[in-house]
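Below is one structure, written out as structure tokens; the observations come after it.
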Amino acid sequence: MTLQIGSDREVLVLAKTIAANEFPIERPGVVGQDRASGALLRLSPFPWRGADADPPVRRWSWIQVGTSRDERDTRPETHTVQGEIRATGYVDAKDGWRLRWPFVRPHLCGSLEALVELARARAATMGFVRPAPEIDIVQLPLRLRFRCASEECASMHELPILDWELHSLAQATRAKYGPEWATRFRDTWGAGLTRRYDAHLLLSAYAQAPTKLYVAGLFYPPRVVEDAHEHAHHVRHREHAS
Ligand SMILES: [Zn+2]
């Protein structure tokens, strides 16, 4: 008999993921960052109120939670959750994501291909990837088509989306616009997104298929605006070049 001794952690909620009920299956979860170690954690199954209903925690909130490593899951980040979950703080988006970037940058992967290599070695099964600007969102089921913003990128990817937020936005768009919802949704969350934001994808491998990935979260920080000094410098540079 194994004695389950959990440890109390403070975790920053980065993304909430819905379940996938066909192979490869996935339980609903929260992807977060452990305050003490800085490591990414997958808290799964996460106890929502009711099946896949509104998760009781907000993205970018700090929660205090009891966790234990899930030894049946071969992915090193997966932990189960025990006891009460308490929200203790929130990381604001202000100042162009100044407070949020430090939680994304350490987990940036050069490409999906690089993350698959890490997953194959069971070193890491989650990471952020920056897509090239031409992303597209398709359904049903909800999927994202993209290439990585990297020379390592070998082909177009099409990954299932398990990001809870995107699924609830799709439902809201459908309720509001009826038959034309898909076109609207595609415009806003596909190509329209990378025009306006510096989009990043949080990708995760499945437990049942360690080299197959899904989109666990879509992140859209503001584009960094070139400041006046840099802009003048670039203009001069272009004049020189011509
Ligand atoms: Zn790629």
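The numbering of the sequence shown is our numbering, which starts it at 1 and goes up by one.
Think of the CB as a built atom: it goes at the ideal place given N, C-alpha and C, for glycine as much as any other residue.
Asked: Distance, A124 Cα to L115 Cα; Found: 7 Å
Asked: Heavy atom of ligand 1 within 7 Å of S267 beta-carbon; Found: Shown here, the chain extends from 1 to 242; a query on residue 267 therefore has no answer.
Asked: Proximity test, L112 beta-carbon vs ligand 1 heavy atom, cut-off 7 Å; Found: yes
Asked: Enclosing alpha helix (DSSP H) for K212 [first to last residue]; Found: Careful: K212 lies outside any alpha helix (DSSP H) and carries neither H nor E.
Asked: Any non-hydrogen atom of ligand 1 closer than 7 Å to C153 Cβ; Found: yes
Asked: Secondary structure of Q139, DSSP reduced to three states; Found: coil
Asked: Distance CB(P141)-CB(P160) smaller than 8 Å; Found: yes
Asked: DSSP three-state assignment for E22, whether helix, strand or coil; Found: coil
Asked: Which of helix, strand or coil DSSP assigns to A15; Found: strand
Asked: Minimum length 3: unbroken beta strand (DSSP E) runs contained in the region 74-121; Found: 78-90
Asked: Cβ neighbours of A20 in the same chain (closer than 8 Å, five flanking residues each side left out); Found: E26, P160, L162, Y206 and Y214
Asked: Alpha-carbon spacing of V13 relative to A87, whole angstroms; Found: 10 Å
Asked: Status (buried if at least 16 other CB within 10 Å, exposed otherwise) for G134; Found: The sequence given here has Glu at residue 134, not Gly. That one is exposed.
Asked: W97 beta carbon less than 8 Å from that of P221; Found: yes
Asked: Reduced DSSP secondary structure (H/G/I, E/B, other) of F128; Found: strand
Asked: Test item: CB-CB of P40 and Q33 under 8 Å; Found: In the sequence as presented, Pro is not what sits at residue 40; that position holds Leu. Yes.
Asked: Coarse secondary structure for A154, derived from DSSP in three states; Found: coil
Asked: Distance between R69 and E84 (C-alpha atoms, nearest Å); Found: 17 Å
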